[in-house]
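Engineer: In the working numbering, the protein residues as written are 624 to 1043.
Pasting a structure below so you can have a look.
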């Protein structure tokens, strides 16, 4: 692999892993593949890939035959992750990481793999998740945001589900999407008028599809797709030693803290302590309505959030920030609690959070909102009611206050409410 001193290349990478068959079961890495790409020409400079033998082969003894050809026989003579760790570290550390859904999956698997062998994990200079980026800028005009769907949309052929082939396909998909957006931006009225998805996502929302802006902020508050619960972990499934924070480029040369792990959490049967504050008329730093609710936090959730707080607050101090750090767990009540933010979607005053009502039968029905109405929300989020919450962790540093914001991605309100 290329080993440049300034490590300017994009490191596109992908993993093939086992699929957990029960809660709490980890994904086992079976293949690692990466390419180094020149950021100014998008030319592939070098590549590396290998199958990976699990440290305990018996852990994949029941691995079924997969369409991509990876099975226990093909990996049994391959190196273990410990044997390729030096190469993986050299490829990734200090470079900009890129890939499809890497923030939701691959980054966490890398952290876990290094934690298992007792070695410090590589840290990125920055991250580009094409799933988030293309959801924001290209939209669902191909049908959904799966790499295979996008590739077929452009006639690039089926996804092989092999790490090296997939990262190369990922790069090609990005090139095609960028070209479409570039051409559309030259004649927006003519080229998007017949495309309802483009019209909705770029014209009605007031977004320029080629304007990257403060992407980190928009990524955290993006409008969720129907599979919003995919990729969320229960607190007891989080491997705390693999959590770490790094400074990543943000807006106009500034930096922000990024927590790297599968830091999208799912907490079921949370008890609502306080609902929507009808007296509050606050707006966030982007001028969007600010709404939040407060719910009780379980001991397992507190353990994860306290660890994140400790890691992120230390990095905040080390980075030179003099802002006051505000703990994410609220301990001023008789039971620990957390504040969940319900963000607005971009420049549109409608909720980015998916809100569902769960019937006694277990059926979930999504609630559709046509306008921003706090009083309507307040009738749903009643003190003492229960809900399932799916949320991400978003570090912030604004007006001398810093901390971790919990951004609600999906809230499922239980129809049978219990009160204090």
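Beta carbons are placed, not taken as given, at the ideal position from N, Cα and C, and that holds for glycine.
Give me whichever residues DSSP pairs with residue 656 in a beta bridge.
Structural biologist: In DSSP, residue 656 forms a bridge with 637 and 672.
Engineer: Secondary structure at residue 776, three-state DSSP: helix, strand or coil?
Structural biologist: Helix, per DSSP.
Engineer: Should residue 1009 be labelled buried (16 or more other beta-carbon atoms within 10 Å of its own) or exposed?
Structural biologist: Counting Cβ neighbours within 10 Å, residue 1009 comes out buried, since at least 16 surround it.
Engineer: How would you label residue 648, buried or exposed, when you count the other beta carbons within 10 angstroms and need 16 or more for buried?
Structural biologist: With fewer than 16 other Cβ atoms within 10 Å, it is exposed.
Engineer: Contact between the region 944-962 and the region 1023-1034: three or more CB pairs below 8 Å?
Structural biologist: Touching, yes.
Engineer: Inspect the beta-carbon positions of residue 963 and residue 916 and report whether they are closer than 9 Å.
Structural biologist: Yes, the Cβ-Cβ distance between residue 963 and residue 916 is below 9 Å.
Engineer: Provide the residue(s) that pair with residue 709 in DSSP beta bridges, ordered along the chain.
Structural biologist: According to DSSP, which records beta bridges pairwise, residue 709 is partnered with nothing at all.
Engineer: Compute the Euclidean distance between the alpha carbons of residue 878 and residue 862, then round it to the nearest angstrom.
Structural biologist: Cα to Cα, residue 878 sits roughly 26 Å from residue 862.
Engineer: Assign residue 940 to buried or exposed, taking buried as 16 or more other Cβ atoms, counted over all protein chains shown, within 10 Å of its Cβ.
Structural biologist: Counting Cβ neighbours within 10 Å, residue 940 comes out exposed, since fewer than 16 surround it.
Engineer: According to DSSP, is residue 1024 helix, strand or coil?
Structural biologist: Residue state, collapsed to three classes: strand.
Engineer: Return yes when the Cβ of residue 637 is within less than 9 Å of the Cβ of residue 790, no when it is not.
Structural biologist: In contact: residue 790 and residue 637 (Cβ atoms closer than 9 Å).
Engineer: So, residue 771 versus residue 782, is the Cβ gap smaller than 9 Å?
Structural biologist: Against a cut-off of 9 Å, the Cβ pair of residue 782 and residue 771 comes out as a contact.
Engineer: Considering only their Cβ atoms, is the gap separating residue 797 from residue 657 smaller than 9 Å?
Structural biologist: Going by C-beta atoms, residue 657 is not nearer than 9 Å to residue 797.
Engineer: Can you tell me where the alpha helix (DSSP H) holding residue 730 begins and where it ends?
Structural biologist: Note, residue 730: alpha helix (DSSP H), 730-739.
Engineer: Flag this pair as yes or no: are the beta carbons of residue 858 and residue 961 separated by less than 9 Å?
Structural biologist: Going by C-beta atoms, residue 858 is not nearer than 9 Å to residue 961.
Engineer: Apart from the five residues just before and just after residue 938, which ones in its own chain have a Cβ nearer than 6 Å to its Cβ?
Structural biologist: Hits under 6 Å: 868 and 880.
Engineer: Distance, Cα to Cα, residue 1037 vs residue 1005?
Structural biologist: Using only the alpha carbons, I get a separation of about 11 Å.
Engineer: Quick one: using the 10 Å Cβ neighbour count with 16 as the cut-off for buried, is residue 767 buried or exposed?
Structural biologist: The residue in question, residue 767, is exposed, as its Cβ has fewer than 16 Cβ neighbours within 10 Å.
Engineer: When burial is assigned at 16 or more other CB atoms within 10 Å of the CB, is residue 746 buried or exposed?
Structural biologist: With 16 or more other Cβ atoms within 10 Å, it is buried.
Engineer: Going by DSSP, what residue range makes up the alpha helix (DSSP H) through residue 759?
Structural biologist: Start and end: 753-760.
Engineer: Is the beta carbon of residue 675 sitting closer than 9 Å to the one on residue 699?
Structural biologist: It is not a contact, given that the beta carbons lie outside the stated cut-off.
Engineer: Quick one: grab the DSSP three-state call for residue 805.
Structural biologist: Residue state, collapsed to three classes: helix.
Engineer: Taking the CB atoms as reference points, tell me whether residue 693 and residue 735 lie closer together than 9 Å.
Structural biologist: Contact flag unset, no.
Engineer: Go ahead and label residue 945 buried or exposed: buried means 16 or more other beta carbons lie within 10 angstroms of its beta carbon, across all protein chains shown.
Structural biologist: Looking at its Cβ environment, which holds fewer than 16 other Cβ atoms inside 10 Å, residue 945 is exposed.
Engineer: From the DSSP secondary-structure annotation, give me the bridge partner or partners of residue 703.
Structural biologist: Looking at the DSSP assignment, residue 703 forms no beta bridge with any residue, so it has no partner.
Engineer: Closer than 7 Å by C-beta to residue 974: which residues in its own chain qualify, once you throw out the five before and the five after it? Chain order, please.
Structural biologist: Cβ within range, chain order: 965, 967, 968 and 992.
Engineer: Rounded to the nearest angstrom, what separates residue 722 and residue 1018 at their Cα positions?
Structural biologist: Residue 722 and residue 1018: Cα-Cα distance of roughly 22 Å.
Engineer: Mark residue 887 as exposed unless 16 or more other C-beta atoms lie within 10 angstroms of its C-beta, in which case mark it buried.
Structural biologist: It is buried - the Cβ of residue 887 has at least 16 other Cβ atoms within 10 Å.
Engineer: Does the beta-carbon of residue 742 have 16 or more other beta-carbons within 10 angstroms, so that it is buried, or is it exposed?
Structural biologist: It counts as exposed.
Engineer: List the whole-angstrom C-beta distance separating residue 1012 from residue 890, where the pair is believed to meet the contact cut-off of C-beta under 8 Å.
Structural biologist: Right, their Cβ atoms sit about 5 Å apart.
Engineer: What's the C-alpha gap between residue 1000 and residue 1022?
Structural biologist: Using only the alpha carbons, I get a separation of about 28 Å.
Engineer: When we look at the beta-carbon of residue 943 and count the other beta-carbons within 10 Å, is it buried (16 or more) or exposed?
Structural biologist: So residue 943 ends up on the exposed side.
Engineer: Does DSSP put residue 890 in a helix, a strand or coil?
Structural biologist: Looking at residue 890 - three-state DSSP - the assignment turns out to be strand.
Engineer: In whole angstroms, what separates the C-alpha of residue 753 from that of residue 882?
Structural biologist: Taking the straight line joining both Cα atoms gives about 18 Å.
Engineer: By the 10 Å Cβ neighbour count, where 16 or more other Cβ atoms means buried, how is residue 829 classified, buried or exposed?
Structural biologist: Residue placement at residue 829 is poorly supported in this model, since its pLDDT is 41, which falls under 50; the coordinates are not used for a value here.
Engineer: Which one of 919, 924, 979 and 931 has the shortest CA to CA distance from residue 956?
Structural biologist: Considering only alpha carbons, the answer is 919.
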